[in-house]
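Each residue of the sequence shown is one higher than the last, beginning at 1 in full-length UniProt numbering.
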Amino acid sequence: MISLDTVGGFNYHNSQKKYLHIVLDHATRYAWTFPSKSVTSETYTNCIKQIFSIQCPKQLLSDRNAAFTSSKFKKFLKHHNIRQLLTSANRPQCNGNNERVNQTLVAKLRCKVNSTTKTPWTKLLEQVTYEYNNSPHDVTGFPPAYLMFGTLPYDSPLPNQVKLNYPPIQQARQIAVNRTIKHHKINKQRYDKHYVDAKFKVGDLVLYQNFSYPNSSKLQSPYNGPFKVVRKLSNVTYEIDKPNQYTGKLTDIVHSTRLKPFHSKSNFQLC
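Encoded structure:
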């Protein structure tokens with residue numbers, strides 16, 4: 001499975017390319033990065049096409065951006081037998097692997113941009129991506145490039161003695177899978193300790209937690225609504241009658257952690 005996510009706001013040196021699209025292979029944690037001028041369905045289609053020479057993914061995970069839900073993009077995925085998986089609205093944790101890689105790459109890129117005034121950020125991005133793919137991952141213990149290709153380039157940032165200590169590729173991939181499963185279990189246990197299960201029924205009125213965008217007003221209400229629960233899609237995912245500004249639909253798919261019960265003032269009586 002691969003995931004695709006976008007980071008915007010790259011206005012360094014009046015660059016025309018202000019978006020960074022990141023494609024991540026979840027099995028190996030290998031990342032492809034694409035600077036771009038736009039966030040259209042054609043842009044995302046071209047990103048995926050560029051990795052076909054290495055692999056043809058079976059599944060694609062993304063958010064519910066209008067470009068991902070367009071008929072043109074869905075037709076492209078169907079033609080290549082790629083199953084589409086969509087995250088809940090404003091729930092970046094659903095694509096946590098890609099989000100963490102985003103943070104890593106952007107942080108490293110920011111350091112390089114701040115240390116130079118001449119090199120375009122798109123050129124620095126190549127260095128950052130190369131360093132990420134050829135350095136051991138915190139979870140798997142192996143460089144993503146090694147798990148993807150079974151070898152590392154001669155100019156890898158790792159010393160030769162470290163490269164020679166890696167097991168054969170199939171064994172390394174199995175070790176990476178086992179470490180990933182263990183990591184997920186630990187994270188789930190940590191999450192479950194603090195998670196309060198909120199169950200809603202069809203017809204219930206709920207309030208929706210607003211997503212905190214950068215530079216948004218600090219006085220903005222944290223919740224809006226009420227909205228009615230239209231469908232229960234899973235134990236943690238619901239469809240509510242809140243218009244989706246990206247898709248134009250009259251309902252939205254949201255995660256239960258962004259919902260809370262609505263209590264009408266008429267339900268409270270003063271003594």
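Glycine is no exception: its CB is placed at the ideal position from the N, C-alpha and C atoms.
These figures come from a predicted structure and were not determined experimentally.
Own chain residues within Cβ distance below 6 Å of residue i, not counting five before or after
i: aspartate 241; result: Phe227, Lys228, Val230 and Thr251
i: proline 167; result: none
Residues of its chain near residue i, where Cβ-Cβ distance is below 8 Å and the 5 sequence neighbours each way are ignored
i: arginine 83; result: Lys58, Gln59, Leu60 and Leu77
i: alanine 27; result: Met1, Leu147, Arg173, Ala176 and Val177
i: residue 272; result: Examination of residue 272 is not possible in this model, given that the chain is present from 1 through 271 alone.
Beta-carbon spacing of residue i, residue j below 9 Å
i: glutamine 209; j: leucine 259; result: yes
i: leucine 205; j: phenylalanine 149; result: no
i: leucine 24; j: valine 101; result: yes
i: phenylalanine 73; j: threonine 45; result: yes
i: serine 62; j: leucine 85; result: yes
i: lysine 37; j: glutamine 16; result: yes
i: leucine 105; j: proline 35; result: no
i: valine 139; j: histidine 80; result: no
i: lysine 118; j: valine 128; result: no
Counterpart residues of residue i in DSSP-defined beta bridges
i: glutamate 239; result: Arg231 and Ile253
i: glutamine 170; result: Answer is none; glutamine 170 lacks a bridge partner.
i: serine 62; result: Leu86
i: leucine 20; result: Val7 and Pro35
i: valine 177; result: According to DSSP, valine 177 bridges with nothing at all.
Where residue i falls, given that 16 or more other Cβ within 10 Å makes a residue buried
i: isoleucine 181; result: exposed
i: alanine 31; result: buried
i: cysteine 47; result: buried
i: proline 144; result: buried
i: asparagine 98; result: buried
i: isoleucine 253; result: buried
i: isoleucine 22; result: buried
i: valine 202; result: exposed
i: tyrosine 29; result: Sequence inspection shows arginine at residue 29; the tyrosine mentioned does not correspond to that position. So arginine 29 ends up on the buried side.
i: leucine 109; result: buried
i: leucine 233; result: exposed
**Report entry** Contact between the region 31–51 and the region 60–71 (3+ Cβ pairs under 8 Å)
**Finding:** yes
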